[in-house]
Each structure stands twice: as structure tokens, then as C-alpha cells.
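Scroll down for the structure; my scribbles are underneath it.
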Amino acid sequence: MYIKEGQDVIISNDVYIKHPDLIAIGNRVAIDKGFYCTTRAEIGDYVHISAYVTCIGSSEGLFVAKGFNNIMAGARIICKSDNFDDSGLHGTLIPEEVLGNRISEPVVMDSFSNIGTNAIVLPGSKLRMGVLVTAGSVLMGDTEDWGIYKGNPAVLTKKIDGSKIIENAKKIGWTEKGEV
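Residue numbers (this note's numbering): 177 to 356.
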């Protein structure tokens with residue numbers, strides 16, 4: 177069904193994955209009730225996708241969680257969207273000849289990055305190693321390793337030391353390449 181499905185994977189019966197043939201799932205992954213996904217996805221090891229997370233953007237969109245990631249309840253990950261500018265009409269069923277511009281860029285979560293409850297992550301966002309996007313924040317764009325991002329728009333509010341996190345991950349097989 178999936179491109180790849182690792183060991184110790186727990187997927188709720190109440191998820192909707194539109195293109196399972198475009199999804200790769202690593203080891204020790206939990207996907208909770210109400211997850212809704214219309215994009216391609218590469219989900220690494222030790223990832224938890226909480227209840228009612230949405231990942232949208234059609235089969236052209238791409239979401240990557242490299243490992244040791246948490247996506248909290250109600251978070252929205254948008255990998256492709258209308259630009260909502262003056263380039264044309266916007267919406268799902270608009271004919272191509274009058275359709276406005278769309279933004280389609282991968283959303284990538286590097287190892288140890290996390291998305292808080294009800295946060296929104298927009299196309300092209302890059303959550304660098306150890307980043308936290310706090311609850312209710314709206315992120316668009318790149319981040320800095322081990323940064324905490326808060327607000328709308330989300331801005332860097334604090335940096336943390338990730339050495340203990342990396343040390344513990346190495347004890348269970350994580351490598352600098354982000355592999356387990």
C-alpha cells in the first residue's frame with residue numbers, strides 16, 4: 177500500500193491518506209486519529225503525527241519529516257496553495273486557462289524539529305534541526321537550527337542547546353546523517 181512502511185508503525189483506522197502509493201513511512205511512527213493527507217510524504221523514524229493534523233497540497237506537494245519529529249494536534253501543513261494574488265481566479269475547480277498562480281514548495285522538517293498544536297506551516301518552510309514552531313504560530317520560510325519560533329508571522333524568540341537531545345538520540349542509533 178505505501179512505498180515503504182517500517183517496523184513498529186501505528187496508524188489509526190480513522191486517517192485519510194489520498195495517495196498511499198506516494199507515502200514512505202519509517203520505523204516507530206505513530207499517526208493518530210483524523211490525520212488528513214493529500215500530498216506525497218517521506219516520514220522518517222520516531223515520528224508522531226497527533227490527532228487531526230492536516231497535510232495538504234495535492235500529489236504535487238511534498239512533506240518531509242526526517243525523524244524524531246512531533247506534529248501536535250490540529251497542526252496544518254500546507255505544501256501547495258493558491259497564491260491569492262491578482263494573477264487569475266483561485267480555487268480547486270477553476271479551469272487552467274484562467275487559474276491564478278500557485279505556490280508549490282516542499283515543507284521539510286529536519287531531525288528533532290517539532291510543530292506545536294494548531295500551528296500553520298506554509299509552502300516552502302524549512303524547519304532546521306531542533307526547531308520548535310510553538311502552538312498557534314504561522315511559519316513561512318527558513319529557520320535556524322535549535323530555534324524556537326513563535327507568533328504570526330512566526331519569529332525566532334529563543335535558541336536552545338540541542339546537545340543532550342543529540343546525545344540521547346545517538347544512544348538509540350541516530351547518526352549525524354539523520355539516520356537510525
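For every residue, glycine included, the Cβ atom is placed at its ideal position computed from N, Cα and C.
Just so we're clear, the structure is a prediction, and the values are computed from it rather than from any experiment.
Between Asn203 and Asp221, the CB-CB gap stays under 8 Å. Bridge pairing for Lys242: absent [DSSP]. If the five residues before and after Met177 are omitted, its C-beta is found closer than 8 Å to the C-beta atoms of Pro196 and Asp197, all from its own chain and listed in chain order. Annotation for Lys256: the continuous beta strand (DSSP E) segment containing it runs Lys256 to Asp258. In summary, Gly267 is exposed, with fewer than 16 beta-carbon neighbours lying within 10 Å of its beta-carbon over all protein chains present. For Ser280, the enclosing beta strand (DSSP E) has its first and last residue at Arg278 to Ser280.
The residue among Lys209, Lys194, Ile199 and Ala200 with its C-alpha nearest the C-alpha of Ile187 is Lys209. Pairing Ala206 with Lys180 gives a Cβ-Cβ distance that is not under 8 Å. In the DSSP assignment, Ala345 falls within the unbroken alpha helix (DSSP H) covering Ser339 to Lys347.
A buried status is given to Asp286, since no fewer than 16 other beta-carbon atoms sit within 10 Å of its beta-carbon.
Considering only Glu218, Thr351 and Gly182, the residue with the shortest C-alpha distance to Val283 is Glu218. For the pair Val314 and Ile296, the CB atoms are nearer than the 8 Å cut-off. With fewer than three CB-CB distances shorter than 8 Å, the segment 253 to 273 does not count as touching the segment 303 to 313. Going by C-alpha positions, Val185 is about 43 Å away from Val274.
In terms of CA proximity to Lys242, Lys302 leads the group Lys326, Asp258, Gly327 and Lys302. Nearest Cα to Glu320 within the set Gly338, Ala311 and Tyr212: Gly338. Cβ-Cβ separation between Lys335 and Gly323: approximately 6 Å, consistent with a contact (criterion under 8 Å). The alpha-carbon separation between Ile342 and Glu272 amounts to approximately 47 Å.
Along the length of the segment 186 to 248, whole beta strand (DSSP E) runs at least 3 residues long occupy 199 to 201, 205 to 207, 216 to 225, 230 to 232 and 238 to 247, reported in chain order.
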